[in-house]
Structures are given as structure tokens and as C-alpha cells.
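Single-structure report; data block below.
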Amino acid sequence: MPTPSFDALALDPRLRAAVDALGFITPTPIQAQAIPPLLEGRDVIGRARTGSGKTAAFGLPLIQRLADRPGATRALVLTPTRELALQVADAVLSYAEGLDTVDVLAIYGGASYRPQLRGLAANVPVVVGTPGRLIDHLERGSLDLSAVETVVIDEADEMLRMGFIEEVTRLLDATPPGRQVALFSATMPDPIRRIAERTLRDPLEVQVEEAPLTVDHIAQTGILVPHRHKLDALVRVLKAEARDATLIFVRTRRDCAELADALAQRGLPVDALHGDLPQAARERVLGRLRAGRLDVVVATDVASRGIDVDHITHVINFDLPDDAETYVHRIGRTGRAGRPGAAISFVTPRERRRMSAFERELGVRITPVRVASDADIARRGREALWQELLDQAEEGVPDAALAWLFEQLEAGDLSIEALAASAVALLAEDRAVDFEARSEAPPTWAQSPDRTPEPSVRDGRDGRDGRDDDFIELFLPRGHRSHVRPGDIVGALGHGAGVPGAAIGRITIHERKSFVGVRRREAEALLRRGEPLLLRGDKVHLELARPS
Numbered sequence: 001m002p003t004p005s006f007d008a009l010a011l012d013p014r015l016r017a018a019v020d021a022l023g024f025i026t027p028t029p030i031q032a033q034a035i036p037p038l039l040e041g042r043d044v045i046g047r048a049r050t051g052s053g054k055t056a057a058f059g060l061p062l063i064q065r066l067a068d069r070p071g072a073t074r075a076l077v078l079t080p081t082r083e084l085a086l087q088v089a090d091a092v093l094s095y096a097e098g099l100d101t102v103d104v105l106a107i108y109g110g111a112s113y114r115p116q117l118r119g120l121a122a123n124v125p126v127v128v129g130t131p132g133r134l135i136d137h138l139e140r141g142s143l144d145l146s147a148v149e150t151v152v153i154d155e156a157d158e159m160l161r162m163g164f165i166e167e168v169t170r171l172l173d174a175t176p177p178g179r180q181v182a183l184f185s186a187t188m189p190d191p192i193r194r195i196a197e198r199t200l201r202d203p204l205e206v207q208v209e210e211a212p213l214t215v216d217h218i219a220q221t222g223i224l225v226p227h228r229h230k231l232d233a234l235v236r237v238l239k240a241e242a243r244d245a246t247l248i249f250v251r252t253r254r255d256c257a258e259l260a261d262a263l264a265q266r267g268l269p270v271d272a273l274h275g276d277l278p279q280a281a282r283e284r285v286l287g288r289l290r291a292g293r294l295d296v297v298v299a300t301d302v303a304s305r306g307i308d309v310d311h312i313t314h315v316i317n318f319d320l321p322d323d324a325e326t327y328v329h330r331i332g333r334t335g336r337a338g339r340p341g342a343a344i345s346f347v348t349p350r351e352r353r354r355m356s357a358f359e360r361e362l363g364v365r366i367t368p369v370r371v372a373s374d375a376d377i378a379r380r381g382r383e384a385l386w387q388e389l390l391d392q393a394e395e396g397v398p399d400a401a402l403a404w405l406f407e408q409l410e411a412g413d414l415s416i417e418a419l420a421a422s423a424v425a426l427l428a429e430d431r432a433v434d435f436e437a438r439s440e441a442p443p444t445w446a447q448s449p450d451r452t453p454e455p456s457v458r459d460g461r462d463g464r465d466g467r468d469d470d471f472i473e474l475f476l477p478r479g480h481r482s483h484v485r486p487g488d489i490v491g492a493l494g495h496g497a498g499v500p501g502a503a504i505g506r507i508t509i510h511e512r513k514s515f516v517g518v519r520r521r522e523a524e525a526l527l528r529r530g531e532p533l534l535l536r537g538d539k540v541h542l543e544l545a546r547p548s
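No gaps in the numbering here: position 431 of the sequence shown is 431 in this note's numbering, and each next residue is one more.
Okay, here's the thing in C-alpha cells:
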């Protein structure tokens, strides 16, 4: 059956003009099926995934039904996250461009109450919000739902996953019994089905037959890694891969903040996106990522919504997702705009069956690979340094700089080869590039990963702090007062003492002292040699940290 045009959907001419201005040509399947019954006032259950055009499917009828009737809040849209609330509010506003009487207010946690209270006091016609903050306003008496005519529940299955069903039910109960309800959900688990049966009146269920999820254009690999060694594996991947922007997925907000902190303490530029992050801070992170000023972001699934960055080359599943659909949504953020993409998943011995299930369900091969060795990391550093030199040579060197260089060569007795080697050494020191011969063997834990015992509980991510059996904590008599940063310690150990990055653990800096976890083999060698480290121009001696 051919898809009808927007002209066939009986839209208000002002909405039709907005649709044209937005560049919509033909309705998507969910729009074609949902808009007519919603315009008639029927309750609708829409089965459609994110990206199907469902916002316009409910947004256009919602605006048409309340147009030219200001004076009360007549439409309520529930979304699981503030990111989605903002997206929906912006979209609805764009549809209502030609209707002066329609305004939209987004209400979500983490934002100031003052503008929300002003908007509610002005009886804004459309309120879009997250359940928690909406309940806050309902209990304060600042949200009046007595005149609501249309309720939209967007991404109902996500609401269920996030534990918002009780709040959704309370909000529905606070609206008039005769209101229209539109419920949109990619899946229909039993609790969502029960809410629909209780609150919707003779709903029309529309379901879009969508093409199966596909990620076969993305190179997918898996690394078998014991839980306690995930951080070491991640550092090795980040240092050994030729990559641009990289998105790392974890399960919880706490994990997100802790992992970003652990990577920063190892001298890696990184930021975090999680649900506790204020909206302004989130926008700063995304702005830096889009501008190329940040290349590693640790994120949770919910907070990653709205990330649309073409130059993400790698997605890393630090924590394996629970289902294949989430796996696809995660790794689909790479390989965009015709660019190559890579997805690397860390799989604990317990999770191998789940990864095999993903392969069967998606019809893909997730290739097992070994984690990078110290030699792999060193090679990648040298390759990146050489490419940087080639790129600079292609851009050209200013004539004045060349003239000065030749003057210095003629005046002295240094050969061009010796000068080039000195320049490379200086640049290598700044980039922490390793020219020493390193082991080709993978780390000890990777040689028999399924024999490494797994922790019975997730006790702060074992091994992340560099204080497990494989690491020794060392003391340095310099700290914040000496302007010491984690990168300074990493550089002093790496370039100055030949310690590979994967052997450097947690770094803690105090006012006058610092502590660093170093892998046992390298730490014992450092202590035996007894040679000082050059740290920010000062020679300092490492000592074994005393137990606290």
C-alpha cells in the first residue's frame, strides 16, 4: 500500500506550511498510520523505534487539536529523559511555527525551578517533561493538569526500564478521565500493556514493520577480559588503536564518573556524560566533542541520547549491554556518513554466552582479538608521531624558519641528522612516545583470561585503583604545591623511566605528595635501581608507600 502524502492527512494549512518548511516530503509509516486517528481524538498505541518519525506523529495532531485555544495547559508529553524532553519540545515548537497561541515548556530535573514555575504560572499550552520533576511540580501545586485534553507517553518501555512507571501512573490519574492518550513504545512488555489496558479507551494499535537492525558495516571485535582487568584492557585499547573520537559505554552513572576519573588520572583527556550532569555541563562536553577538542567520552546509555557526531571512529562496550538492541544502538554511533567504524566489546568469561546470543540474533560475527601488548602500544605511538611529522611537512614550513635553521647549521658543527634526531626526541618526550624494545607478549592476565577468578560482587571495580596484587603503590614527595598533574607523573615514569603506560595505575595527588600504582614487575625494578625521576624539572626519588 503506497504511503499517502501530507496533503491527504487533513492537517491545518499552517501546520502543512511548517511541514514544508522543515523539508518533510512524505510521511513516515508511523506518521501515516497515527496522525489520522489522533486527529479524530482516538487513543493510539504506536509501536515504533527511535528515529521512526514518531515525534511528528503525535506532535502535529497535538498542536492542531489545541490551536487557537490559549489559557490552560491542554497537552502533557511524558519522556524518560531530559535530553528527549528537550528534543521533543524543540520539535513541537518547530511544528507550531505559524501558530502564535501555541507555546511549549520543557520541564526536567537538574534545571532551575524558576523558569519552569514562570512558564506553568503562564498556563503554557504544551508541557513536555520527565516524570520525576513533573511529580515535584504536581505536589507543589504549580502543575495544574485539570484542563489536559491530550497525554502522550513517549518511549514507554524506556520509562519502565528506568523505574518511572509509578510516576507515570500518578500523572495519568491526575488528568481528566476523558483525555486522549497516545502511548509510543518500541516494545510492549507486560507492565506497559497493563497500563494501556487500564488507561486507554478502545485504542487503535499501529505497528510499523521496520527493517531489521543492522550493523554489518562496522568492524566488530571482542576482547575476553576478566572483570578486574578491564581498566588495563581499556588503557591498552585507547593507546594502541588508530582512532579519532571514541565513545565508551558503561552501565551506571557511578561507573561512568569513576571510569572517567580513572582514565584522567592516567593522563588521558576524557570527559563523562551521565544523568547527574547538569544540562549546561552536558552541552559543554558535546560541544568539545563536536569541535574535536575532546576525543574520549565515557557515557551511560540514557545520557548518550542525542549524541550525533560524525567523527566517532570507535565505540567501546566497557560494560556489555543486556540485549542486542541496546548493542546496536550503542555501536551505531560510529561508522556514520560513509566513514569506517569500529566496535570493541569487553567480554568477561561469564558473558561469553550473551555475546554469542548477540551474534545469532543480529547475524554478525564479533571477532575475538587479543588485547594490545606493550610492543603494540609503543609501535602505535611511533606511527602517530611519524604521521604528525609527515602532516607538518606536507603543510610546509615557513621560509623564515627554514632560513634560521640553515643559519644555525652553518654556524655550528651539528649534522642535520643529529639535529633531526634531537627534534624527534623532544617531540617524543612531549607525546610520551616509547622507542625502547617492549614485550610482544600480551599481559599476564590475557594469556589465560578464563582462569582468572571473577569477583562475586562489583566492589568498586577491582584493579582500577592500582592496589590489587599486580600493582604496588609508590610515593613521590611532590604534589599540588609543585603544580604536579597526573600527566607529569605518567610522562616521568614512561619517558624517563621506561615504564609502559599499561603498567601505570591509579594516581593520587595531595598538596605536598603523590601516590602512583605501578605494576609489580616495573615497580620492583624502579626501586632496585634507585634512580631519581625527573618530575617537572626536579629530580625526585620514588619510595614504597607506607600502608595507611
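Beta carbons are placed, not taken as given, at the ideal position from N, Cα and C, and that holds for glycine.
Neighbour-count burial assignment, residue i, 16 or more Cβ in a 10 Å radius
i: R411; result: The residue you asked about is not Arg; residue 411 is Ala in the sequence shown. It counts as exposed.
i: E158; result: buried
i: V457; result: Residue placement at V457 is flagged as unreliable, the pLDDT there being 29, under the threshold of 50; the coordinate-derived value follows with that caveat. Burial call: exposed.
i: I436; result: In the sequence as presented, Ile is not what sits at residue 436; that position holds Glu. Exposed: under 16 other Cβ atoms inside 10 Å.
i: R14; result: buried
i: G466; result: With a pLDDT of 42 at G466, under the threshold of 50, the modelled position of that residue is not reliable, and the figure given next carries that caveat. The residue is buried, with at least 16 neighbouring Cβ atoms inside 10 Å.
i: Q265; result: buried
i: I25; result: exposed
i: E473; result: buried
i: V397; result: exposed
i: G460; result: Low confidence applies to G460: its pLDDT is 31, below 50, so where it sits in the model is not reliable, and the reading given next is rough at best. So G460 counts as exposed.
i: P453; result: Interpretation of P453 is limited by its pLDDT of 45, a score under 50 that renders its predicted location unreliable; the figure taken from the coordinates is listed afterwards. Exposed, by the Cβ-count rule.
i: P203; result: buried
i: L62; result: buried
i: D399; result: exposed
i: P278; result: exposed
i: T252; result: exposed
i: D190; result: exposed
i: T444; result: exposed
Beta-carbon spacing of residue i, residue j below 8 angstroms
i: G98; j: A10; result: no
i: T348; j: H541; result: no
i: L120; j: L143; result: yes
i: T150; j: A75; result: yes
i: P340; j: R330; result: no
i: A260; j: D271; result: yes
i: I556; j: P27; result: The shown model of the chain, from 1 to 548, leaves out residue 556, and the question about it has no answer.
i: A503; j: E522; result: yes
i: V104; j: A89; result: yes
i: Q180; j: R47; result: no
i: V128; j: T79; result: yes
i: T55; j: P125; result: no
i: F471; j: R528; result: no
i: Q220; j: V364; result: yes
i: A240; j: D376; result: yes
i: P269; j: L294; result: yes
i: I344; j: V298; result: no
i: F318; j: F358; result: no
i: R140; j: G110; result: no
i: I307; j: V237; result: no
Residues bridged to residue i [DSSP beta-bridge criterion]
i: L273; result: A299
i: E383; result: In the DSSP output, where bridge partners are listed per residue, E383 has none listed.
i: A551; result: It is not possible to answer for residue 551, since the shown part of the chain is limited to 1 through 548.
i: R519; result: F471
i: V104; result: V126
i: T334; result: According to DSSP, which records beta bridges pairwise, T334 is partnered with nothing at all.
i: S514; result: L476 and I509
i: P368; result: G222
i: V77; result: V128 and V152
i: V556; result: Past the boundaries of the shown model lies residue 556; the chain is included only from 1 to 548, so the question cannot be answered.
Where the beta strand (DSSP E) containing residue i begins and where it ends
i: I45; result: V44 to R47
i: I312; result: I312 to N317
i: V128; result: V126 to G129
i: V499; result: It is not in any beta strand (DSSP E) - V499 carries neither H nor E in the DSSP assignment.
i: V309; result: Element bounds for V309: n/a, residue is neither H nor E.
i: V484; result: Careful: V484 lies outside any beta strand (DSSP E) and carries neither H nor E.
i: L320; result: Per DSSP, L320 belongs to no beta strand (DSSP E) and is neither H nor E.
i: D20; result: It is not in any beta strand (DSSP E) - D20 instead sits in the alpha helix (DSSP H) that spans P13 to A21.
Endpoints, the alpha helix (DSSP H) within which residue i is located
i: S356; result: R352 to L362
i: L62; result: K54 to L66
i: I507; result: No alpha helix (DSSP H) holds I507; the beta strand (DSSP E) holding it covers I504 to I509.
i: L117; result: Y113 to A121
| message | Please give me, in chain order, every unbroken run of the alpha helix (DSSP H) with length at least 4 that falls completely inside the segment 139 to 201. | response | Counting only runs of 4 or more, we get 156 to 161, 165 to 173 and 190 to 199.
| request: Could you pull out every unbroken beta strand (DSSP E) segment of at least 3 residues lying fully inside the segment 205 to 292, listed in chain order? | output: Within the segment 205 to 292, the complete beta strand (DSSP E) runs of at least 3 residues are 219 to 224, 245 to 249 and 271 to 273.
| Taking the runs of the alpha helix (DSSP H) that are 4 residues or longer, which of them lie wholly in the segment 395 to 453? | If we require 4 residues or more, the alpha helix (DSSP H) runs fully inside the segment 395 to 453 come out as 399 to 411, 416 to 431 and 444 to 447.
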